Each structure stands twice: as C-alpha cells, then as structure tokens.
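Visitor: Chains as they are written, first to last, in my numbering: chain A, 1 to 289; chain B, 1001 to 1347.
In this text, a Cβ means the ideal position worked out from N, Cα and C, and glycines have one as well.
All values derive from a computational prediction rather than experimental measurement.
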Amino acid sequence: MIANLSSTTLAAYGETDNHLFMPVTARITKVVPLNEQNKVFTLELPDGISLGHKPGQFVEVSILGVGEAPISVTSSPSRSNGTFELCVRKVGDVTGALHKMKVGDTVGVRGPFGRGFPIEKFHGKDILFAPGGLGLPPLRSLINQVIDERARFGRVIILYGARNPDELLFKDELKEWGNRKDVELLLTVDKGDENWKGHVGVITTLFKEISIYPRNTIGVTVGPPVMYKFVLMEFLGKGLSEGNIYLSLERRMKCGVGKCGHCQIHHIYSCQSGPVFPYSEIKGLEEAL
Amino acid sequence: MSLNIIKKKDLPDFVRRLSSKFRIGGPVEENGTYAFKVIEDPNDLKLDYTTTILPPKKFFLPIKDTLFEFDKGGNGKVQAPSLEQQTVVFGVHTCDVHAIKLLDHVFATGHIDPYYTSRRKQTFIISIECLNPCDENSFCKSMGTLSAEDGYDLHLTDLGDYYAVDIGSDAGKDLLQYATSTPASNEEIKKLNAVISEKWGRFPYRLDFDVNDLPSLLNMSMKSPLWNELGDRCLACAACTNVCPTCFCFDVKDEIELDFQHGRRVRIWDSCQLDEFATIGDGHNFRKSRALRQRHRFMRKGKYILEAHNYLGCVGCGRCARACLVNITPIGVFNELYRQKEVGGQS
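Right, dumping it as structure tokens:
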C-alpha cells in the first residue's frame, strides 16, 4: 500500500508519524488451521523488511472494507526469517474475513505496538509460564525466544490449560517442548475426552505439581480475564514477588497509538504502557483484571 | 504582547478580508441556540453568544475524519486525504481555549497524530472574553478557565463600541494586518481593566471545594455509592461525551461504496458511555454497568487525564450538564462526592 519502504523494520517505519494510521500490505505465505476456531497465518512484509517486534507486542491487522483488529504476534523474533505469524481466532468481522483468506492474499498491517516482555530481565532466572486457552499464542512468542536462547535462563516450566483437548493449540510444538530435557511441560484440560489420558482440571490445579525457588522465579501468564485472579493467587502463593509476575492485558485497541481510549485502564493506555505489565504496576487498578 | 483596538463596525470588514485567504468559522445563531459553523456572511457571526451545543474542536477533530481512501481493485492502494485548509475560528470562549490546549497536548504527545496536528497548525483561534456567565450550568471560575493566558492567536474583549484585541502569537499579529486597528490608548486600557474586574464578581464559584483537591477526592471516591445512583439514572445516550470539548476518544471503521471496491477508513467520535466501548473479542466487558461507565467518565475528567497528560479533563463549560436528559451534572457529582466525604465519611 505504501511505496518506497526505506526502513528495515516495520517498527521503524511506524515511528514516522505520517504513517500512523496507514497500513502496509503484507502477503499471506502460509495458513495452518489449528482447530475449528483458530488458524495460524504467516505474513510477509514488502521489500524484505521485517516486523521488528518483541515478544508480547501486537499488530493491527486490517482488511480493506471490513476493518481493523488488534492481534498479538505469536512467532518469536528469533525465528522471524523475514516473516511473522499471527494466531487468529474467528470471533468478529475482521477475524471472520481473515479466516476466509488463502495463501497469496494480502492484508494491511500496522505496528508492532505496545510494550512487550522485558526478556533481558529474565536472564539467569527460572521462568514459570502459565498460559490459559488462547493465552498461549502471545506467550508462544516469548517461550520460543527463551528456548532459542536457552542457556541464558534457568528452569523453564510451562503449565498450559485449555477447555478440552481440541482447544490445546500448537500441539506439534507442545510435543517438541515436552520432549526437551530442559523444558518442564504440564498440560491440563477442564474436560477430557475418550482419548485424553492426561491431567484434568483447571490450570490452577497444576501448580501443586511443581516446586520452585520463588526468589529466582519469574511468573508469566496470559489468558482469559476470568483466569487471572486465580493464577495470580497461585503465583503469589508460591512466593513470587509482585514485580516478578508478568501478564498481558487484552483490550479492544482501535488505534494502537494511545489516542482512541478503548484500551484505557484508569489513566493507563494499555496499548502504550502495556499490553504486558508486571503485576506490581496494575494491582491497585480494579478495572485491570 | 501589545494591545490593540478594533471598532465593532469594522469587524465585518475584518472577517471579509480574512475570508479571501482563510475559511472562517465562528458561532452563529441557529434554531434559538448557537453553533460553530463555517461563516459565509460576516454578519452571521455572533460574538456575543452564550454557548454552543458542540465545542469548536470539530474544526480539527471532525466528527468523522477520513484516515485514508482505498481502491481494492488497484492492488489495495491507499491514499491519504488532503488536509490543506487554513481556518480562522472566531469567538472561542476561554473554557474552550483551555480544552483545545489539552487536545493539542494529547495529539502531539507520544505518537504525533498527523490529522489533528496538521489541521490544528492551519487553524487560528480568535477567542473572546466572557463578560457574563453563559447560564447556570457553567462553572468555569471554579475550574480556573474564566480567563486564558495563552492558547489563542488573538483575544477579544467587548468594550462597548469596540473590541480590545490582545495579540497572543506571531500568527495573530499577521491576522491583525487584515483588520483596521489602532494601538490602545491609556483610556482604552483603563476601560479594559475596569470591565475585567467588574466581570469577576458576576461569575459564581460553584464547586464547594478547591479544584486542586478534585483528583484526591475522586481517588477516595472509587467505591462511592453515588456511581450506582448515576448508573440507575444514566440512559447511556452518550450525549455528555459527544458535546464535551475535552473528549477525544474515537472508533476506527471502514466504509465501502456499493461497488465493493472503493472506500475509506474513517475515525468517528466514540463514547465510553456506550455498552461496547470496553468490550473485547470474547465478549468480556471491562465496564459492564452504566455505573462503571459513568465513574470512568468522571474519573477521566477529574483525575485520569490529569495523570496521563497533566491537564485537568474538565474545563467547566457545562455542555454535558445541558445535554443530559436525566440531569447528571459535573457540579452535582463533584459536590455530592465532597459532601459524602465531608459529612457522611462514607467510603
């Protein structure tokens, strides 16, 4: 949509404010359905530029004539290869239209926006990931980055819960993580089926299965709003300090640049100051969780 | 800067000369009330007006603003709109001057909004001193907006047969070249002083406490029972936010022609009072009740915007109070919260 992209990353391009609301055309190079509701789209930006994102950031994806929606980036910067991936759940107009698109089709992209995970602060620490349901796609970006720089971190523990076995996303990758000696992966589903032999129960029931060294552990959780209260209690109950617990607050970001007001949590514009927050920053804000 | 005089009888000529170069906006009388409009006939301009339903922000933050046009056939080509339009807005009251200062800050902080800032740079403000309260709903004196020390290019004060004209910027100095004006004499300066000091007493303080205490009062009032009372009354019609000079929230939408090829992405004024404003994809609404949405609105006005942008989010213009169908007013709300803390000690 825009000619003469002289930047090397979309992030740098977006910094020039004349482009604030102007999307860049990205081409779909791969579509992988995960289940009925969720598909992973691989997108390629024009002129060989990369997205330049950090794990936890999001982009505004648009289809001309339909509209725009904020979607977190699921691929990790360490595996970008000039492309990036979005895991899209079919819930509204834009995501519904996206689900009908094929390889070779184009979409508009703005971003990346917001504050991602401060991965440098996690160096040398044990990391306890607790994604729930659709919280895995945004966390997958961070998890794969951590795995790709594995030596920089201590233990990597992943507790992942979904409603049922079908809704466990990225099953191939879960298998890979589970096979690694340096990753501890525990899965659970709220309700099993005839083939499910694993743990049954909500995600919080996995916490008693693990022992950690709280002073050296970072807790990271992304999931539906209803889940946060309970996962936070588990983290705090394990002795993690509030500043060492990170979560991502999903909001209906319309602009992504701190103006439109839809993502506001008290005085905080979540699209700018978040979506990733340490719990210590938002614990007093009652509309946050 | 220096003080000048324009005779009232020379004002239409001033407007006429300006209109050779600028689009002219200002208050006009319409259906028994006033509205900021583009002025075609200088005689339509009513500088002696009470208040308008919509604030002058629509000149740089239009109700609906095209972000870009697109042609789906042309390989999804998008085209930014042309924003070339130099405008002079007459008759801006000082409450609205303060509101514009806040908007200027919001749209030029962090990511600079090219649409707002481009229009704003091309818009010149000729404000006017209020000599009488516009009605019983305004509370500018309590909010510290009964005068403005800057934020205008020219500022007029009605001194009977003539206006005292204060130059607020270099652009204002240039605008004055279009007028027949003279430097103010000592007599005229004396008259200005007298008129300003006389006006002061005519405006009541309507807030029962010092406005500097408003953020703390709101901070202590998160759990006040008043929010539920407001929620029970509120019709969620969004009139309050639509008429507010400091509200700037918007929605982003696509519009498409019947050919399904050509269209535009627009932003339109949105309201935190509407049910879906804080609803996310899975249907979860972070401000489900009208009570929570009213609380959000008043917290924004008296606390959140101050914390985010260092400007108070309410300028005391009273427009929301006039627009509300169920008589929810900032003065009523702020004073009741104060009474609850003072008298009832409720939390």
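Between the C-alpha atoms of Cys-1249 of chain B and Val-1333 of chain B, what's the straight-line distance to the nearest angstrom?
Guide: Distance between the alpha carbons of Cys-1249 of chain B and Val-1333 of chain B is about 22 Å.
Visitor: Tell me whether Pro-1330 of chain B is buried or exposed, calling it buried when 16 or more other Cβ atoms sit within 10 Å of its Cβ.
Guide: Pro-1330 of chain B is buried by the Cβ-count criterion.
Visitor: What three-state label does DSSP hand Ile-1328 of chain B in the structure shown?
Guide: Looking at Ile-1328 of chain B - three-state DSSP - the assignment turns out to be coil, as it is neither helix nor strand.
Visitor: Can you give the beta carbon distance from Cys-1240 of chain B to Ala-1323 of chain B, rounded, assuming they're within the 8 Å contact cut?
Guide: Right, their Cβ atoms sit about 6 Å apart.
Visitor: Is Gly-52 of chain A helix, strand or coil by DSSP?
Guide: Coil.
Visitor: Any residues in the region 264 to 282 of chain A with a beta carbon nearer than 8 Å to a beta carbon of chain B? Which ones, in chain order?
Guide: Answer set for the region 264 to 282 of chain A: Gln-264, Ile-265, His-266, His-267, Ile-268, Tyr-269, Gln-272.
Visitor: Give me the Cα-Cα distance between Gly-52 of chain A and Phe-122 of chain A, rounded to the nearest whole angstrom.
Guide: Computed Cα separation, rounded: 20 Å.
Visitor: For Glu-120 of chain A and Ile-282 of chain A, I'd like the C-alpha separation in whole angstroms.
Guide: Glu-120 of chain A and Ile-282 of chain A: Cα-Cα distance of roughly 21 Å.
Visitor: May I have the straight-line CA-CA distance separating Thr-205 of chain A from Ile-157 of chain A, to the nearest angstrom?
Guide: About 15 Å.
Visitor: CB Leu-249 of chain A to CB Phe-277 of chain A, shorter than 9 Å?
Guide: Yes, the Cβ-Cβ distance between Leu-249 of chain A and Phe-277 of chain A is below 9 Å.
Visitor: Of all the CB atoms in chain B, is at least one closer than 9 Å to the CB of Ala-69 of chain A?
Guide: For Ala-69 of chain A, the answer is yes, since a Cβ of chain B falls inside 9 Å of its Cβ.
Visitor: Which whole runs of the beta strand (DSSP E) in the region 69 to 121 of chain A are 3 residues long or more, in chain order?
Guide: With a minimum length of 3 residues, the continuous beta strand (DSSP E) runs that stay inside the region 69 to 121 of chain A are 83 to 89, 106 to 113.
Visitor: Which residues does DSSP pair with Glu-36 of chain A in a beta bridge?
Guide: Answer is none; Glu-36 of chain A lacks a bridge partner.
Visitor: Leaving aside the five residues before and after Leu-1218 of chain B along the sequence, list all residues of the same chain whose C-beta is less than 6 Å from its C-beta, in chain order.
Guide: Once the five neighbours on either side are set aside, the close Cβ partners of Leu-1218 of chain B are Met-1299, Gly-1302, Lys-1303.
Visitor: Flag Ser-141 of chain A as yes if its beta-carbon sits less than 9 Å from any beta-carbon of chain E, otherwise no.
Guide: Of the chains in the structure shown, none is chain E; the protein chains are A and B.
Visitor: Using CA coordinates, which residue listed in B:Leu-1156, B:Leu-1018, B:Gly-1151 is at the minimum distance from Val-1038 of chain B?
Guide: The shortest Cα separation from Val-1038 of chain B among B:Leu-1156, B:Leu-1018, B:Gly-1151 belongs to B:Leu-1018.
Visitor: Can you list the residues of chain B that Pro-131 of chain A reaches, using a CB-CB cut of under 9 Å?
Guide: Going along chain B, no residue has its Cβ under 9 Å from Pro-131 of chain A, so there is no contact; the nearest lies around 15 Å.
Visitor: From the DSSP output, in three-state form, read off Lys-229 of chain A for me.
Guide: Helix, per DSSP.
Visitor: Taking C-beta pairs closer than 7 Å, name the residues in chain B that Gly-258 of chain A reaches, listed in chain order.
Guide: Gly-1110, His-1111, listed in chain order.
Visitor: Using the three-state DSSP reduction, which class does Lys-1072 of chain B fall into: helix, strand or coil?
Guide: Note: Lys-1072 of chain B maps to coil in three-state DSSP.
Visitor: I'd like to know whether the C-beta of Asp-1299 of chain B is nearer than 9 Å to at least one C-beta of chain A.
Guide: Reading off the sequence shown, one finds Met at residue 1299 of chain B, where the question assumed Asp. Yes, contact with chain A.
Visitor: Of the choices A:Arg-27, A:Gln-145, A:Thr-106, whose alpha-carbon is the least far from that of Arg-79 of chain A?
Guide: Checked all of A:Arg-27, A:Gln-145, A:Thr-106; the closest Cα to Arg-79 of chain A is A:Gln-145.
Visitor: Going along chain B in order, which residues have a C-beta closer than 7 Å to the C-beta of Met-22 of chain A?
Guide: Here the neighbours are Phe-1068, Val-1078, Ala-1080.
Visitor: Out of A:Phe-21, A:Ala-12, A:Leu-34, point me to the one whose CA is closest to Asp-172 of chain A's CA.
Guide: The residue with the shortest Cα to Cα distance from Asp-172 of chain A is A:Leu-34.
Visitor: Return yes when the Cβ of Leu-1337 of chain B is within less than 9 Å of the Cβ of Met-1143 of chain B, no when it is not.
Guide: No, these two residues do not count as a Cβ contact at 9 Å.
Visitor: At a Cβ threshold of 9 Å, is Thr-95 of chain A touching chain B?
Guide: Taking Cβ atoms only, chain B reaches closer than 9 Å to Thr-95 of chain A, which makes this a yes.
Visitor: So, is Tyr-1205 of chain B buried or exposed, given that buried needs 16 or more other C-beta atoms within 10 angstroms?
Guide: Tyr-1205 of chain B should be labelled exposed.
Visitor: Beta-carbon within less than 8 Å of Asp-1135 of chain B's beta-carbon, same chain only, minus the 5 sequence neighbours each way: which residues are those?
Guide: Once the five neighbours on either side are set aside, the close Cβ partners of Asp-1135 of chain B are Thr-1050, Thr-1051, Gly-1318, Arg-1322.
Visitor: Assign Asp-1232 of chain B to one of two classes, buried (16 or more other C-beta atoms within 10 Å of its C-beta) or exposed (fewer than that).
Guide: Exposed: under 16 other Cβ atoms inside 10 Å.
Visitor: Could you tell me if Gly-1151 of chain B is buried or exposed, where buried requires 16 or more neighbouring beta carbons within 10 angstroms of its beta carbon?
Guide: That one is buried.
Visitor: Can we say the region 91 to 101 of chain A touches the region 51 to 69 of chain A, given the rule of at least three CB pairs closer than 8 Å?
Guide: Yes, the region 91 to 101 of chain A touches the region 51 to 69 of chain A.
Visitor: Determine the contact status of Gln-57 of chain A and Gly-111 of chain A, defining contact as a CB-CB distance below 9 Å.
Guide: Result yes, Cβ atoms of Gln-57 of chain A and Gly-111 of chain A sit closer than 9 Å.
Visitor: Is there a Cβ from chain A that is less than 9 Å from the Cβ of Cys-1272 of chain B?
Guide: Closer than 9 Å: yes.
Visitor: Against chain A, does Tyr-1311 of chain B count as a neighbour if the rule is that its beta carbon must be under 9 Å from one of theirs?
Guide: Closer than 9 Å: no.
Visitor: In the structure shown, what three-state DSSP assignment does Pro-275 of chain A receive?
Guide: Note: Pro-275 of chain A maps to strand in three-state DSSP.
Visitor: Using a Cβ cut-off of 9 Å (strictly closer), state whether Met-1220 of chain B contacts chain A.
Guide: Closer than 9 Å: no.
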